[in-house]
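Single-structure report; data block below.
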Amino acid sequence: MICFLIDDDVDDRDIFQLALTTFDSSITLVTANNGVEALEKVNSTELFLPDYIFLDLNMPYMSGKECLIRLRNIERLKNVPILIYSTIHTDYEKLAGSWASAFITKPNSIEALVKVLSEVL
Numbered sequence: 011m012i013c014f015l016i017d018d019d020v021d022d023r024d025i026f027q028l029a030l031t032t033f034d035s036s037i038t039l040v041t042a043n044n045g046v047e048a049l050e051k052v053n054s055t056e057l058f059l060p061d062y063i064f065l066d067l068n069m070p071y072m073s074g075k076e077c078l079i080r081l082r083n084i085e086r087l088k089n090v091p092i093l094i095y096s097t098i099h100t101d102y103e104k105l106a107g108s109w110a111s112a113f114i115t116k117p118n119s120i121e122a123l124v125k126v127l128s129e130v131l
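Just so we're aligned: 82 in the numbering used here is position 72 of the sequence shown, and the numbers increase by one with no gaps anywhere.
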């Protein structure tokens, strides 16, 4: 299984990696620092097809919302669940169900994130 995490915060990426490894060490994590980098990775090869995409909303260069819309317009990603993974949760929750598969508020501990990952994956 491949999870693709798009998040500009290095600490959040490290915590996600630790929680994912704790949950299931066989899962591969691919990361991108922002939406521009994520689209470059996705478009660099037709072979890249993650099983799940976790997307932060508040990022530089391209908003998470714009990245989400662009990812959804890539044909081979149409059936890949894209989960909003962010501390922002006001109006962006509306994205879940329309463009995103779900909205996950970033948990405040690794244990809580492991629990969320066990429910999602």
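No residue lacks a Cβ here, since even glycine has one placed at the ideal position from N, Cα and C.
The structure displayed is predicted, hence computed values, not measured ones.
query: What is the residue span of the beta strand (DSSP E) that phenylalanine 113 lies within?; result: 112-115
query: With three or more C-beta pairs closer than 8 Å as the rule, is the segment 46-59 touching the segment 22-32?; result: no
query: Is the beta carbon of glycine 45 sitting closer than 8 Å to the one on cysteine 13?; result: no
query: Taking Cβ to Cβ, would you say lysine 125 is nearer than 8 Å to threonine 97?; result: no
query: Hey, quick one: how far does the alpha helix (DSSP H) through threonine 38 stretch, first residue to last?; result: No alpha helix (DSSP H) holds threonine 38; the beta strand (DSSP E) holding it covers 38-42.
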